[in-house]
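Asker: One structure is given below, represented as structure tokens, and several questions about it will come after.
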Amino acid sequence: MNRWVFRNRTFFLVSVAIFFSSYALIRAERFGGFSSLIGFGCLQDSVCFARLNSHVIPEHAAVFPTGGYDGQFYYYVAAGLYGNQDILDLSSALKDSPGSGRIFVDSLGFRIPRIGFPLLSGWLFLFGASALSFGMPVLLLLSHLLSCWFLFRMRPSAAWLYGFNPVSLLSFGLNLAEPLAMSLAIFASIAMIRPGGMTGSAGNAFRWWSALLALFLALISKETMFVPGVALGWLFLLSAWNRSAAMGTGIKQLMSPPGPVDPAGVGRQKDRSGAVAGLYAIASYWSLPFWIFLAGLAALIWYYIAGFFSGESAAGKLQIPFLGLMDFLRSGQGLSG
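The numbering used here numbers the first residue of the sequence shown as 1272 and each following residue consecutively.
See the structure below:
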């Protein structure tokens, strides 16, 4: 095959779409329909989330007898946000009867902080449970394809490696937030790194604010996105430091004792104007690192408010998924499915 094919954006995007769609079709055929991509679960004679939350899942949805997968909790949180439902942890099921108005998850401190994916997809629940169960995987696929498109424009070889990465593929099949979070992080990175005008200028304002919003949504979608967030912050912090040092040298030269000037002092006035412009330039260099820091701080505040660092449930116990479920089972008061 000629190499030009691998440099063709349309061929690349179609290949990724076919690859991911084929994986989804195989899972749907094997496990009982497209709702199997959500991973609804029910442990018979124990904890049955599908039964507890039956009022918000599609009729005849595929339910795994193994307890399901983490993707179901993104679905439950999304349905709770847009369906006027109270989201409760599993221990609340002992005193609050299941039914309309209540949604149960295994651990609030582990599920609520990762609100980005439910926040962006939950509006589909307004059109029904089937729309949400179908639309969440579609959103993951579309976000992955969009990030592939952006990455291909910058570096095709990197796009080919990223487009078929197993993390995004497996997460797509389990309705996890990783594809969306990584896509948002890629968009934010490319938008910030791509050459443009001066930071904060009117022509680039939309791009900067969109990038910061994407970064914030990536951070509250998956906590691992703090890794690229910190990397971006350091990159622009070092860049601001180096550029400020270079500009500071120029300002010192402008402000150094001048040579002979005309009686009107025109030369001195030009030097002073140049120094002021240099100070404004230095301020602009530090604006992006500052806003990246604020985006990260806002995400950390959200994680704190949502109970991620509370020392309770899964978040306070080494981030073990389903720890709330295991504690509930050990209590000997499991609910029958």
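C-beta atoms are modelled at their ideal positions from N, C-alpha and C, and glycine is treated no differently.
For C1319 and L1395, I'd like the C-alpha separation in whole angstroms.
Answerer: Along the sequence shown, one-based indexing puts residue 1319 at 48. Along the sequence shown, one-based indexing puts residue 1395 at 124. Cα to Cα, the separation comes out at about 24 angstroms.
Asker: Using 8 angstroms as the Cβ pair cut-off and three pairs as the minimum, do the stretch 1475 to 1483 and the stretch 1373 to 1381 touch?
Answerer: Because the criterion of three Cβ pairs below 8 angstroms is not met, the stretch 1475 to 1483 and the stretch 1373 to 1381 do not touch.
Asker: Can you grab the Cα-Cα spacing for the pair Y1574 / I1491, in whole Å?
Answerer: Here residue 1574 refers to the residue found at position 303 of the sequence shown. Here residue 1491 refers to the residue found at position 220 of the sequence shown. Cα-Cα distance, rounded: 8 angstroms.
Asker: Grab the span of the beta strand (DSSP E) containing V1287 for me, first residue to last.
Answerer: Counted from its first residue, the sequence shown places residue 1287 at position 16. Not the beta strand (DSSP E): V1287 falls in the alpha helix (DSSP H), residues R1280 to F1302.
Asker: Alpha carbon to alpha carbon, how far is V1285 from L1410?
Answerer: By one-based count along the sequence shown, residue 1285 stands at place 14. By one-based count along the sequence shown, residue 1410 stands at place 139. Answer to the nearest angstrom: the Cα atoms are 17 angstroms apart.
Asker: Using the C-alpha atoms, what's the distance from R1298 back to L1440?
Answerer: If you number the sequence shown from 1, residue 1440 lands on position 169. If you number the sequence shown from 1, residue 1298 lands on position 27. Taking the straight line joining both Cα atoms gives about 12 angstroms.
Asker: Given a cut-off of 8 angstroms on the beta-carbon distance, is the pair P1499 and A1456 in contact?
Answerer: Taking the first residue of the sequence shown as 1, we reach residue 1499 at position 228. Taking the first residue of the sequence shown as 1, we reach residue 1456 at position 185. Closer than 8 angstroms, so yes.
Asker: Compare the beta carbon distance of I1287 and C1419 with 8 angstroms and say whether it is the shorter of the two.
Answerer: The sequence position of residue 1287 within the sequence shown is 16, counting from 1. The sequence position of residue 1419 within the sequence shown is 148, counting from 1. A small correction: the amino acid at residue 1287 is Val; Ile does not occupy that position in the sequence shown. A contact, by the Cβ cut-off of 8 angstroms.
Asker: Can the beta-carbon of S1617 be found less than 8 angstroms from the beta-carbon of P1329?
Answerer: A query on residue 1617 cannot be resolved here, the shown segment of the chain reaching from 1272 to 1608 and no further.
Asker: Mind checking M1463: buried by the 16 CB within 10 Å criterion, or exposed?
Answerer: Taking the first residue of the sequence shown as position 1, residue 1463 is located at position 192. Buried, by the Cβ-count rule.
Asker: Pairs of beta-carbons, one from the stretch 1352 to 1360 and one from the stretch 1379 to 1386, closer than 8 angstroms: are there three or more?
Answerer: Touching, per the Cβ criterion.
Asker: How about S1404: is its Cβ closer than 7 angstroms to a heavy atom in the ligand FAD?
Answerer: This structure lacks the ligand FAD; in fact it carries no ligand of any kind.
Asker: Rounded to whole angstroms, what is the Cα-Cα separation between R1322 and L1432?
Answerer: Numbered from 1 along the sequence shown, position 51 holds the residue referred to as residue 1322. Numbered from 1 along the sequence shown, position 161 holds the residue referred to as residue 1432. R1322 and L1432: Cα-Cα distance of roughly 41 angstroms.
Asker: Which word fits Q1315, buried or exposed, when buried means at least 16 other C-beta atoms lie within 10 angstroms of its C-beta?
Answerer: Locating residue 1315 in the sequence shown gives position 44, counting from the first residue. Label assigned to Q1315: exposed.
Asker: Determine the closest residue to V1458 out of L1509, L1503 and N1446, with distance taken between C-alpha atoms.
Answerer: Locating residue 1458 in the sequence shown gives position 187, where the first residue counts as 1. Looking at the sequence provided, one finds Phe at residue 1458 rather than Val. Of L1509, L1503 and N1446, the residue nearest in Cα terms is L1503.
Asker: Using the Cα positions of G1578 and K1493, report the straight-line distance between them to the nearest angstrom.
Answerer: As a first step, residue 1578 must be located in the sequence shown, where it is residue number 307. As a first step, residue 1493 must be located in the sequence shown, where it is residue number 222. Looking at the two C-alpha atoms, the distance is approximately 15 angstroms.
Asker: From what residue to what residue does the beta strand (DSSP E) around L1395 run?
Answerer: Along the sequence shown, one-based indexing puts residue 1395 at 124. Run containing L1395: none; DSSP gives neither H nor E here.
Asker: Hey, would you say L1308 sits closer than 8 angstroms to G1444, going by beta carbons?
Answerer: In the sequence shown, residue 1308 corresponds to position 37, counting from 1. In the sequence shown, residue 1444 corresponds to position 173, counting from 1. Yes, they are a contact pair.
Asker: Let's see if you can read the secondary structure: which residues bound the alpha helix (DSSP H) around V1376?
Answerer: Here the question's residue 1376 lines up with position 105 in the sequence shown. Taken as a continuous stretch (DSSP letters only), V1376 belongs to no alpha helix (DSSP H), being part of the beta strand (DSSP E) at R1373 to V1376.
Asker: One question on the structure: do F1398 and A1448 come within less than 8 angstroms of each other, judged by their Cβ atoms?
Answerer: For the purposes of this step, residue 1398 is taken as the residue at position 127 of the sequence shown. For the purposes of this step, residue 1448 is taken as the residue at position 177 of the sequence shown. Cβ atoms of F1398 and A1448: not closer than 8 angstroms.
Asker: Extract the residue ranges of the beta strand (DSSP E) inside the stretch 1408 to 1491, only unbroken runs of 3 or more that lie entirely within it.
Answerer: Segments of the beta strand (DSSP E) lying fully in the stretch 1408 to 1491: there are none.
Asker: Does DSSP put F1561 in a helix, in a strand, or in coil?
Answerer: What you label residue 1561 is simply residue 290 of the sequence shown in a count that begins at 1. Helix at F1561.
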